[in-house]
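Q:
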Amino acid sequence: MAEAKGADAGLIAPEFLGRLGWWYYRAGKYETAREVLSQSAALRPGDRRLQNAMAWAELQQHQVDAAILRFTAAAADDSWNSPVMGRAIAHWQAHQTEDALKDFELVSKSSPEWRNPRWVKALFHLSAGQSVAEMDTEWQKRQVAHR
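Below you can see the structure in the form of structure tokens.
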């Protein structure tokens, strides 16, 4: 991290900083992840993958509104679904149930692995897995009620 903040920080590729920031996230060092990802995103503001990673770090720091905005921007790239599920989790944690379940349903139908809390917990923070499990329970209750 010190190297990334040092005088030679301009020599480090933003993509490398992005990967480093994501590994800090995976290691549970969310403040450091946010700092490194912020540097990377500033150098590549149009990179949706960096915006997505930054949103996950913001979500863990309870910056839900900022995370929702970044997830929404990153969701414009429909080649992957992590930003949409991230936005669902952020909405859920902000008690915006209808928006959360709308995104949850969209992603879980196209990528059912997101309905597996163990899979989610292996890749993201424990709270993401818990939120997914809670949304899945609520979504299933509503499916039964509509039958």
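Counting with our numbering, you get residues -9 to 137 for the letters of the sequence shown.
Ideal placement from N, C-alpha and C gives every residue a C-beta, glycine not left out.
None of the values given here were measured: they were computed from a predicted structure.
#1: Any contact between the region 97 to 111 and the region 58 to 68? By contact I mean 3 or more CB pairs, one from each, below 8 angstroms.
#2: Does the region 26 to 40 come close enough to the region 79 to 91 to have 3 or more Cβ pairs within less than 8 angstroms?
#3: If distances are taken between C-alpha atoms only, which option among ARG16, GLY8 and TRP13 comes closest to SER28?
#4: Excluding sequence positions up to five away, which residues of its chain have a Cβ less than 6 angstroms from the Cβ of MET75?
#5: With respect to the alpha helix (DSSP H) encompassing TRP46, which residues constitute its N-terminal and C-terminal limits?
#6: Considering only the alpha carbon of each residue, which of SER69, PHE114, PHE6 and VAL110 lies closest to ALA47?
#7: According to DSSP, is GLN130 part of a helix, a strand, or is it coil?
#8: Check this for me: beta carbons of ALA90 and PRO107, under 9 angstroms apart or not?
#9: Is SER121 buried or exposed, if buried means 16 or more other CB atoms sit within 10 Å of its CB?
#10: Comparing C-alpha positions only, which one of PHE61, ALA17, ASP55 and SER117 sits nearest to ASP93?
#11: With burial defined as no fewer than 16 other Cβ atoms inside 10 Å of the residue's Cβ, what is the status of VAL134: buried or exposed?
#12: For SER98, report the span of its alpha helix (DSSP H) as first-last.
A: According to the structure shown:
#1: The region 97 to 111, when compared against the region 58 to 68, does not touch it at the 8 angstroms Cβ threshold.
#2: Output reads no: the region 79 to 91 does not touch the region 26 to 40.
#3: Closest option to SER28, judged by alpha-carbon separation, among ARG16, GLY8 and TRP13: GLY8.
#4: Result list for MET75: VAL97 and TRP104, in chain order.
#5: Looking at the DSSP string, the run of the alpha helix (DSSP H) that includes TRP46 is 38 to 50.
#6: Relative to the Cα of ALA47, the nearest Cα in the group SER69, PHE114, PHE6 and VAL110 belongs to PHE114.
#7: Annotated three-state conformation of GLN130 is helix, per DSSP.
#8: Cβ atoms of ALA90 and PRO107: not closer than 9 angstroms.
#9: Flag for SER121 reads buried.
#10: Checked all of PHE61, ALA17, ASP55 and SER117; the closest Cα to ASP93 is PHE61.
#11: By the 16-neighbour rule on beta-carbons within 10 angstroms, VAL134 is exposed.
#12: Element bounds for SER98: 87 to 100.
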